[in-house]
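Please read the structure below before turning to the comments.
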Amino acid sequence: MTFSIVARDGDAFGVAVASKFLAAGAIVPWAQTGAGAIATQAYANISYGPRGLALLCDGRSADEVIELLTGPDLQREQRQLGVVDARGESASFTGSACFDWAGGSIGEGYAVQGNILAGPGVVGAMAEAFERSTGELAARLVAALAAGDAAGGDRRGRQSAAVLVVAPDAGYGGTTDIVADLRVDDHADPVRELARLLDIHHVLLSKPAPEDLITVDAAIAAEIAAALVSTGYATVGASAKARRAALERFAGWENLEERIVEGRKIDRHVLAALRDAASKAGRKRSRNRQS
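If you're matching positions, the sequence shown starts at 530 in our numbering and goes up one per residue.
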């Protein structure tokens, strides 16, 4: 009842899934840093997730994991499973009793699989989209989902979508391995909504890329100082140290603390948020004066 992709990109592992099924993200995706990623679906055996990760942690290959999980399972012909291991080797399994169309495709560092699909073109479109995509793994996985959705996806309709990505110490504040763990549990257009959430996630929880940084010249420094005063974060004539602390407080209030950088640079998202907040504060003062 689902289409999914599991993949490795460098030291990141991830899974993306979409389905006409409530909260597929609570069942299908499993990933662990240094081990690999798994998607368990169709008449899903959820235990394939934790047991499969344990096997991957023991150094088993993707093919071995599928053999060890499905071999003793009396209902294996109703299961579907995708695996990518720590070496980037991939494997996909589709039981003979899965509802048509059902099947999968593997490539370098990824496996795509689905059941009750509009046709094999769904899997093909996902594989092609992933291979030609660039950038962060989460975005590449969601791009693959979008391609599968556009190719017909789950032929019963749409309901949920999710993406899970892990990488060493790449989570919030560098304290976890969870790069992204986003779910759309019940929505008329879940893949598009997932893409929207991922865009927001990127702004709020990613470190700035070089192209995001703006040099703070005299004009921008004056604008920042005025905006911090306008929004109440700093006072007129505050020292550079005080303004810096005020900017950090503002960024934290707006959930942009991951985008604060050292030196004479400012992240474009932080600057845009500060400009917007200053504009709103100015309009509020104007309304108050008029009243």
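Even glycine gets a Cβ: it sits at the ideal position worked out from N, Cα and C.
Item: So for P579, helix, strand or coil by DSSP?; Value: helix
Item: Over what stretch of residues does the beta strand (DSSP E) that includes L603 continue unbroken?; Value: No beta strand (DSSP E) holds L603; DSSP gives it neither H nor E.
Item: What is the C-beta distance between N574 and D540, in whole angstroms, given that I count them as a contact (C-beta under 8 angstroms)?; Value: Not confirmed; about 28 angstroms, so no contact.
Item: Assign R812 to one of three DSSP states: helix, strand, or coil.; Value: helix
Item: Buried or exposed: where does N784 fall if 16 or more other Cβ atoms within 10 Å of its Cβ makes it buried?; Value: exposed
Item: So the candidates are L734, S820 and V765; which of them puts its Cα closest to the Cα of V799?; Value: L734
Item: Whole angstroms are fine: how far does the CA of G686 sit from the CA of L742?; Value: 42 angstroms
Item: Buried or exposed for V765, going by 16 or more other Cβ atoms inside 10 Å?; Value: exposed
Item: CB of R580 to nearest heavy atom of the ligand GDP: below 6 angstroms?; Value: Absent from the structure shown: the ligand GDP. Ligands present: none.
Item: Using the Cα positions of E722 and A647, report the straight-line distance between them to the nearest angstrom.; Value: 21 angstroms
Item: Whose CA, out of A667, D683, V745 and I567, lies closest to the CA of I827?; Value: The structure shown does not extend to residue 827, since the chain spans only 530 to 820, so no value can be given for it.
Item: Which residues mark the beginning and the end of the beta strand (DSSP E) in which W559 is found?; Value: P558 to Q561
Item: May I have a chain-ordered list of the alpha helix (DSSP H) segments no shorter than 4 residues that lie completely inside the stretch 605-690?; Value: 649-661 and 666-679
Item: Determine the direct distance from the alpha carbon of T569 to that of Y639, and round the result to whole angstroms.; Value: 15 angstroms
Item: Apart from the five residues on each side of it in sequence, which residues of its chain come closer than 7 angstroms, Cβ to Cβ, to R793?; Value: T744 and V745
Item: Decide if Q604 is buried, meaning its Cβ has at least 16 other Cβ atoms within 10 Å, or exposed.; Value: exposed
Item: Exposed or buried, N817, counting other C-beta atoms within 10 Å across all chains shown (16 or more means buried)?; Value: exposed
Item: Grouping DSSP H, G and I as helix and E and B as strand, with all else coil, what is A806?; Value: helix
Item: Considering L742, what are the terminal residues of the beta strand (DSSP E) in which it resides?; Value: L742 to T744
Item: So for L723, helix, strand or coil by DSSP?; Value: helix
Item: With R537 as the anchor, note down where its beta strand (DSSP E) starts and where it stops.; Value: T531 to D538
Item: Report buried or exposed for Q819, applying the criterion of at least 16 other Cβ atoms within 10 angstroms of its Cβ.; Value: exposed
Item: Quick check on DSSP: helix, strand or coil for D710?; Value: strand
Item: Roughly how many angstroms lie between the CA atoms of L582 and G681, to the nearest whole one?; Value: 31 angstroms
Item: Taking three-plus beta-carbon pairs below 8 angstroms as touching, is the stretch 627-642 in contact with the stretch 653-662?; Value: yes
Item: Would you kindly work out how many angstroms separate the C-alpha atoms of S590 and H716, rounded to a whole number?; Value: 36 angstroms
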